Amino acid sequence: MTGLRIEERPDRLVVTLDRPEKRNAIDADLIGELHAVCAELETNPRLLLLTGGAEGIFAGGADIAQLRDRGRLDALAAINQAAFARIRALPMPTVAAVDGPALGGGAELAYACDLRVCTGRAVFGQPEVRLGILAGAGATYRLPALIGEARAKELLFTGRRVDAEEALRIGLVNRVVAEPSELLPTAHALLDEIAKGSALALRLTKLAVDSPPAAHPQLDLLSQAVLFEDEEKHRRMTEFLDRRRSR
């Protein structure tokens with residue numbers, strides 16, 4: 003891969019955007035590499051940490067030079083949207099670690115992850131209307147789900163940028179770290195907490211949360227029925243009861 007750096011760990015994949023000369027702009031080649039990452043995580047489910055390699059930049063958006071030359075058939079091909087939807091649908095939880103600007107498609111890539119951690123210099127924004135297009139890779143429906151319809155419309159209509167403090171206040175990010183050096187350790191610590199849970203329980207919990215309202219409560223009941231028969235559930239509960247008895 004030329005646009006991504008991949009680090010494999012036993013329970014997670016660390017994926018770093020690596021196009022510093024282009025401010026990690028998202029082009030067609032990078033999208034292809036993200037599809038390859040998704041294929042790996044669909045086959046061998048693990049946690050995902052997604053971050054930017056260049057200090058002070060997550061992703062400056064789509065590659066405008068490519069975007070300018072795309073026509074209606076390219077739009078209908080859902081080039082970026084399909085990759086981000088695939089990230090959103092990954093079996094195990096995902097965390098985006100954001101340092102510096104996450105704009106346009108870069109912000110939509112962060113929204114596609116389940117959780118977001120950022121530095122104090124992180125900035126989120128959707129400038130698409132000022133370029134004559136709309137935010138077509140997920141922001142029109144993921145952003146309202148994250149921060150509410152009225153706030154999302156304001157950001158989508160105006161292209162106004164949101165700094166880290168506001169992003170935390172409105173629920174766009176989960177945590178803000180004081181120093182850039184704390185970003186990856188904090189993101190890994192969050193994933194470490196997640197990894198303490200049962201892998202199957204995590205998968206089914208994510209599936210339930212991401213499912214449409216009409217799927218509930220039937221999906222919850224079916225998922226719980228599967229988990230009630232899982233050996234991992236019996237082992238974990240037995241260990242819990244043994245610890246309580248020992249105290």
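The sequence shown begins at 3 in the numbering used here and counts up one residue at a time. All residues carry an ideal CB built from backbone N, CA and C; glycine is no exception. For clarity, every value in this text was computed on a predicted model and none was experimentally measured.
query                                                                                                                                                                                             : result
May I have the straight-line CA-CA distance separating Ala124 from Gly58, to the nearest angstrom?                                                                                                : 8 Å
Which residue comes first and which comes last in the beta strand (DSSP E) that contains Gly54?                                                                                                   : 49-54
For Phe126, report the span of its beta strand (DSSP E) as first-last.                                                                                                                            : 125-127
Determine the extent of the alpha helix (DSSP H) in which Glu181 is found, giving its start and end residues.                                                                                     : No alpha helix (DSSP H) holds Glu181; DSSP gives it neither H nor E.
For Asp165, does the three-state DSSP call read helix, strand or coil?                                                                                                                            : strand
Alpha carbon to alpha carbon, how far is Ala112 from Ala189? Give it in angstroms, no decimals.                                                                                                   : 13 Å
With a threshold of 16 other CB atoms inside 10 Å of the CB of Phe86, please say whether the residue is buried or exposed.                                                                        : buried
Please identify the residue among Asp29, Gly63, Thr53, Gln68 whose C-alpha is closest to the C-alpha of Arg96.                                                                                    : The amino acid at residue 96 is misidentified as Arg; the sequence shows Thr. The residue with the shortest Cα to Cα distance from Thr96 is Thr53.
Could you tell me which uninterrupted beta strand (DSSP E) segments, each at least 3 residues in length, are contained entirely in the segment 77-156, listed from first to last along the chain? : 96-100, 103-105, 117-121, 125-127
Let me check understanding here. Comparing Cα to Cα, which of Ala104, Pro129, Leu157, Asn26 lies closest to Val119?                                                                               : Ala104
Tell me the DSSP secondary structure of Val175 in three-state form.                                                                                                                               : coil
In this structure, how does DSSP classify Thr207 when only helix, strand and coil are distinguished?                                                                                              : helix
In terms of DSSP beta bridges, what is Ile8 paired with?                                                                                                                                          : Val17
Note down the Cα distance separating Leu320 from Gly140, rounded to an integer number of angstroms.                                                                                               : It is not possible to answer for residue 320, since the shown part of the chain is limited to 3 through 249.
Contact between the segment 5-22 and the segment 33-44: three or more CB pairs below 8 Å?                                                                                                         : yes
Leaving out the 5 sequence neighbours to the left and right, which residues in its chain are closer than 6 Å to Lys235 when beta-carbon positions are compared?                                   : Leu229
Going by DSSP, which residues form a beta bridge with Ile28?                                                                                                                                      : Ala64
Helix, strand or coil for Lys198, going by three-state DSSP, please let me know.                                                                                                                  : coil
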